[in-house]
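Protein sequence lines correspond, in order, to chains R and D.
Taking this note's numbering, the leading residue of the first sequence gets 680, the next gets one more, and so forth.
Taking this note's numbering, the leading residue of the second sequence gets 680, the next gets one more, and so forth.
All residues carry an ideal CB built from backbone N, CA and C; glycine is no exception.
Worksheet: the structure to be examined is printed underneath.
Number of protein chains: 2
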Amino acid sequence: MHNLLENLIRKLGRLPGLGPRSARRTVLFLLKNRDRLMLPLAMELHDVAGRVRSCVDCGNLDVVNQCSICSDSQRDRSRICVVEDVGDLWAMERAAVYRGLYHVLGGTLSALDGRGPEDLHIGRLLQRAKSANMQEVILALSATVDGQTTAHYIGEKLANMPLEITRLAHGMPVGGELDYLDDGTLAQALKARAKLEI
Amino acid sequence: MHNLLENLIRKLGRLPGLGPRSARRTVLFLLKNRDRLMLPLAMELHDVAGRVRSCVDCGNLDVVNQCSICSDSQRDRSRICVVEDVGDLWAMERAAVYRGLYHVLGGTLSALDGRGPEDLHIGRLLQRAKSANMQEVILALSATVDGQTTAHYIGEKLANMPLEITRLAHGMPVGGELDYLDDGTLAQALKARAKLEI
Numbered sequence: 680m681h682n683l684l685e686n687l688i689r690k691l692g693r694l695p696g697l698g699p700r701s702a703r704r705t706v707l708f709l710l711k712n713r714d715r716l717m718l719p720l721a722m723e724l725h726d727v728a729g730r731v732r733s734c735v736d737c738g739n740l741d742v743v744n745q746c747s748i749c750s751d752s753q754r755d756r757s758r759i760c761v762v763e764d765v766g767d768l769w770a771m772e773r774a775a776v777y778r779g780l781y782h783v784l785g786g787t788l789s790a791l792d793g794r795g796p797e798d799l800h801i802g803r804l805l806q807r808a809k810s811a812n813m814q815e816v817i818l819a820l821s822a823t824v825d826g827q828t829t830a831h832y833i834g835e836k837l838a839n840m841p842l843e844i845t846r847l848a849h850g851m852p853v854g855g856e857l858d859y860l861d862d863g864t865l866a867q868a869l870k871a872r873a874k875l876e877i
Numbered sequence: 680m681h682n683l684l685e686n687l688i689r690k691l692g693r694l695p696g697l698g699p700r701s702a703r704r705t706v707l708f709l710l711k712n713r714d715r716l717m718l719p720l721a722m723e724l725h726d727v728a729g730r731v732r733s734c735v736d737c738g739n740l741d742v743v744n745q746c747s748i749c750s751d752s753q754r755d756r757s758r759i760c761v762v763e764d765v766g767d768l769w770a771m772e773r774a775a776v777y778r779g780l781y782h783v784l785g786g787t788l789s790a791l792d793g794r795g796p797e798d799l800h801i802g803r804l805l806q807r808a809k810s811a812n813m814q815e816v817i818l819a820l821s822a823t824v825d826g827q828t829t830a831h832y833i834g835e836k837l838a839n840m841p842l843e844i845t846r847l848a849h850g851m852p853v854g855g856e857l858d859y860l861d862d863g864t865l866a867q868a869l870k871a872r873a874k875l876e877i
């Protein structure tokens with residue numbers, strides 16, 4: 680196999696979820712669709728790498744310095760939803776249930792991976808939380824040990840500000856079956872049970 | 680999400696084995712590795728799309744008009760191994776058990792998908808099989824209905840030439856367990872049983 684192909688396959692194989700086998704399949708698929716897919720993909724990768732940047736305020740990805748969410752005057756500027764990464768922000772936006780601002784931490788605290796507070800965008804969050812009309816910070820972090828540790832750390836930093844600090848509810852996933860729930864979720868779902876609306 | 684990102688995610692999501700979710704993850708991963716992975720990948724995709732072509736003789740992918748296998752004087756020029764696509768050729772080369780030439784058909788005959796003989800590179804194979812010192816054509820095609828139909832079709836076309844026409848053996852995969860074999864393979868493996876070498 681020519682070096683050019685080997686190098687491309689090696690690079691594609693480093694993408695998450697693609698091993699060497701699927702990288703080979705991908706290269707053959709791309710070569711069969713050069714004009715329709717391979718060349719446009721090359722161009723867009725180059726473009727996105729050059730133009731997309733992190734928003735200076737919230738850490739969202741956009742082509743402008745202040746992202747389209749932070750600069751949208753229609754959004755509720757009294758609420759910040761704190762998420763781990765941009766993928767989580769996208770998931771919230773797809774659900775279309777939230778109209779406030781965001782703050783992307785860039786991960787969670789992790790003793791194992793050696794990530795401390797200085798590795799996350801926490802300083803900027805504290806600044807933003809201090810702004811005059813801020814009312815609520817929603818900590819939409821993973822329900823993992825690291826996620827919850829991070830939520831508590833940030834919660835303590837914000838405790839002396841006149842803010843509501845909230846987290847996402849725990850409970851049964853919509854469409855989920857009780858039999859498949861883990862004990863922790865079941866316990867939380869029972870504890871936070873709500874009155875049936877008829 | 681910005682259009683640039685949406686378009687890139689849509690393009691990546693069309694690659695085999697990548698859905699929208701993994702395409703999103705991939706874009707975030709690439710943006711975290713712009714200089715180390717994203718820009719080199721863009722460049723290599725562009726390069727490969729522009730420079731890699733199919734060998735005029737065998738259909739292998741290379742950057743020269745006659746591929747490095749066809750032009751390698753060390754290879755046995757009396758044998759052609761016929762495969763469905765370049766991925767199969769790569770698999771044969773990785774196994775490093777064959778030193779002859781190849782011929783890439785570009786698929787199999789398929790009544791369902793409407794692929795007839797004119798859609799495969801069969802004409803060039805017949806020409807090559809006629810060359811003076813050719814001794815054997817190995818039909819290394821899938822053991823599927825379409826693969827075997829194609830093998831029989833090509834076998835008939837070659838029947839009047841002074842050639843051995845062979846196919847890959849059927850039987851137990853090395854490392855396989857009898858209990859997991861399908862009946863067809865088991866039947867073939869029994870029928871083609873060989874003397875135990877002690």
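| Item | Value |
| --- | --- |
| Evaluate the contact criterion for the stretch 721 to 734 of chain R versus the stretch 690 to 710 of chain D: three or more CB pairs, one atom per stretch, below 8 angstroms. | yes |
| I want to know whether the stretch 791 to 798 of chain R touches the stretch 812 to 819 of chain R - three or more CB-CB distances under 8 angstroms. | no |
| Taking three-plus beta-carbon pairs below 8 angstroms as touching, is the stretch 752 to 765 of chain D in contact with the stretch 715 to 724 of chain R? | no |
| Which whole runs of the alpha helix (DSSP H) in the stretch 706 to 773 of chain D are 4 residues long or more, in chain order? | 718 to 730 |
| Spell out a yes or no on whether the stretch 826 to 837 of chain D and the stretch 848 to 857 of chain D are touching, meaning 3 or more CB-CB pairs, one atom from each, closer than 8 angstroms. | no |
| Does aspartate 764 of chain R get closer than 9 angstroms to chain D when you measure Cβ to Cβ? | yes |
| For the beta strand (DSSP E) holding histidine 782 of chain R, just list the boundary residues, first then last. | 779 to 783 |
| State the DSSP-derived secondary structure class of isoleucine 844 of chain D, mapped to helix, strand or coil. | strand |
| Out of curiosity, what's the CA-to-CA distance linking leucine 687 of chain D and arginine 732 of chain R? | 15 angstroms |
| Starting from the C-beta of threonine 829 of chain R, find all residues in its chain whose C-beta is less than 6 angstroms away, skip the five residues before and the five after it, and write them out in chain order. | Thr787, Leu788, Leu820 |
| Would you say methionine 717 of chain D reaches chain R, if we count a Cβ-Cβ gap shorter than 9 angstroms as a contact? | yes |
| Within 9 angstroms of any Cβ in chain R, is that where the Cβ of threonine 787 of chain D sits? | no |
| Taking arginine 754 of chain D and arginine 778 of chain D to be in contact with their CB atoms under 8 angstroms, please state how far apart those CB atoms are, rounded to whole angstroms. | 6 angstroms |
| Cα separation between glycine 716 of chain R and leucine 799 of chain D? | The sequence as given places leucine at residue 716 of chain R; glycine does not occur at that position. Near 23 angstroms, if we compare the C-alpha coordinates of leucine 799 of chain D and leucine 716 of chain R. |
| Alanine 873 of chain D to glycine 855 of chain D, Cα distance in whole Å? | 17 angstroms |
| Just mark asparagine 739 of chain D as buried or exposed, buried being the case when its beta carbon has 16 or more other beta carbons within 10 Å. | buried |
| Alpha carbon to alpha carbon, what distance is there between lysine 870 of chain R and aspartate 861 of chain R? | 14 angstroms |
| Are the C-beta of glycine 696 of chain R and some C-beta of chain D separated by less than 9 angstroms? | yes |
| Have a look at R:Arg689, R:Met680, R:Asp741 and flag the residue whose alpha-carbon is nearest the alpha-carbon of asparagine 682 of chain D. | R:Asp741 |
| For alanine 721 of chain R, decide whether its Cβ has a neighbour in chain D, counting only Cβ atoms nearer than 9 angstroms. | yes |
| From the DSSP output, which residues share a beta bridge with isoleucine 817 of chain R? | R:Cys760, R:Thr845 |
| Kindly list the residues whose CB is nearer than 8 angstroms to the CB of glutamate 685 of chain R, restricted to its own chain and excluding five residues on each side of it in sequence; keep chain order. | none |
| Counting along the chain, where does the alpha helix (DSSP H) carrying valine 824 of chain D start and finish? | 824 to 837 |
| Can you check which of these residues, D:Arg703, D:Arg700, D:Arg704, D:Pro695, is closest to serine 701 of chain R by C-alpha distance? | D:Pro695 |
| Quick check: arginine 807 of chain D and aspartate 736 of chain D, are their CB atoms within less than 9 angstroms of each other? | yes |
| Determine which residues share a DSSP beta bridge with arginine 807 of chain R and list them. | BP columns for arginine 807 of chain R are empty, so no partner. |
| On the criterion of 16 or more Cβ atoms from any shown chain inside 10 Å, does leucine 857 of chain R qualify as buried, or is it exposed? | exposed |
| Let's test the definition: count the other Cβ atoms within 10 Å of the Cβ of tyrosine 781 of chain D and tell me whether it reaches 16, buried, or not, exposed. | buried |
| If you reduce the DSSP assignment to three classes, tell me which class arginine 693 of chain R lands in. | coil |
| Nearest chain D C-beta to methionine 680 of chain R closer than 9 angstroms, yes or no? | yes |
| Determine the DSSP secondary structure at arginine 872 of chain D, reduced to helix, strand or coil. | coil |
| Compare the Cα-Cα distances from arginine 703 of chain R to each of D:Leu768, D:Asn839, D:Pro699, D:Met680 and report the closest residue. | D:Leu768 |
| With 16 as the cutoff for other CB atoms within 10 Å, does leucine 784 of chain R come out buried or exposed? | buried |
| Nearest to arginine 846 of chain D by alpha carbon, out of D:Asp764, D:Tyr859, D:Gly826? | D:Gly826 |
| Spatial neighbours of leucine 805 of chain D within its chain, please: C-beta separation below 8 angstroms, excluding the five flanking residues on both sides. | Lys836, Leu837 |
| Going along the chain, which residues of its own chain have a beta-carbon closer than 7 angstroms to the beta-carbon of leucine 842 of chain R, five neighbours each way excluded? | Ala808, Met813, Gln814, Glu815, Val816 |
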